[in-house]
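The block underneath contains the structure these notes are about, expressed in structure tokens.
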Amino acid sequence: MQHTPNEGPGSIKLWAENHNHSMFVYHPYQFGILPSIDETDMLVILGGPMSPNDDSDWVRKERDLILAAIQKDIPIFGACFGAQQIAKTLGYRVTKGPVKEVGWAPVYLQSDVIKDIPKQLTALHWHEEMFEVPHQAQLLFSSDHLINQGFVMNHRIIGLQFHFEPTENDVREIVVNDGSYARDNVLGQSADDILSHSVPAENKAVMYKLLDYINA
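If you're matching positions, the sequence shown starts at 1 in the UniProt record's numbering and goes up one per residue.
What follows is the structure in structure tokens.
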């Protein structure tokens, strides 16, 4: 599920192609269409400018789909809004965070459940809301400004508040369309600062590891 034109699947699409998987991209915010659970082998919920607390029909229906996937033990990956949707589906709160994080900043691994993940990585942040980590999940990542940056649950679900998936072209697309969002954020980075920072090469490799883990 993609929720805004400028936040696409990035390296998730490359991972799917490398594994010879068929990928279908839905735009529920525009068309109101979601897949049925019977035709879904894995669920990816991407980011977007909306909130899980919005009273939109498609936002609620998306959570119904997430719940059905959880009940069927289908792998789920959520980024930013997607991770918040997973937490909300499980009955946990999504609230405004202590700070607005926009730009490149380190995240720190908090669990060794997934092997061979570096202890520190530089990720793209683009958010000001945060999720509660579900009690049945493990905290996976934290940042300097926000403890709840990622969680992993039951070897099948990963939610990240930040973004590992963007490629260089994806970052450019995000920034040229939504660069004004970077104003007044705790990281102090402008749109130009974000554009001038290259995507760390390890982010793609880690994204692949996370997807491999929930599909094992």
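All residues carry an ideal CB built from backbone N, CA and C; glycine is no exception. Being a predicted model, the structure only gives us computed values, none of them experimental.
Residue range of the beta strand (DSSP E) that includes residue 274: With the chain running from 1 to 216 in the structure shown, residue 274 is simply not present.
Beta-bridge partners of His-125, as assigned by DSSP: Gly-103
For Ile-194, the residue or residues it bridges with in DSSP: Paired residues: none, contrary to the question.
Proximity winner among Ile-86, Asp-55, Arg-183, relative to Ala-68 (alpha-carbon distances): Comparing Cα positions, the closest option is Ile-86.
Ser-142, DSSP secondary structure in three states: Strand, per DSSP.
Backbone CA spacing between Gln-161 and Arg-183 [nearest angstrom]: 19 Å
Straight-line Cα distance separating Thr-4 from Tyr-29: 8 Å
Buried or exposed by the 16-neighbour rule on C-beta atoms within 10 Å, applied to Met-1: Under this definition Met-1 is a buried residue.
CB contact below 8 Å: Ser-11 versus chain B: The structure shown contains no chain B; it holds only a single protein chain.
When Val-102, Asn-169, Val-206, Gly-8 are compared against Leu-140, the one with the closest alpha-carbon: Val-206
Extent of the continuous beta strand (DSSP E) run through Met-153: Met-153 -> beta strand (DSSP E) spans 150-153.
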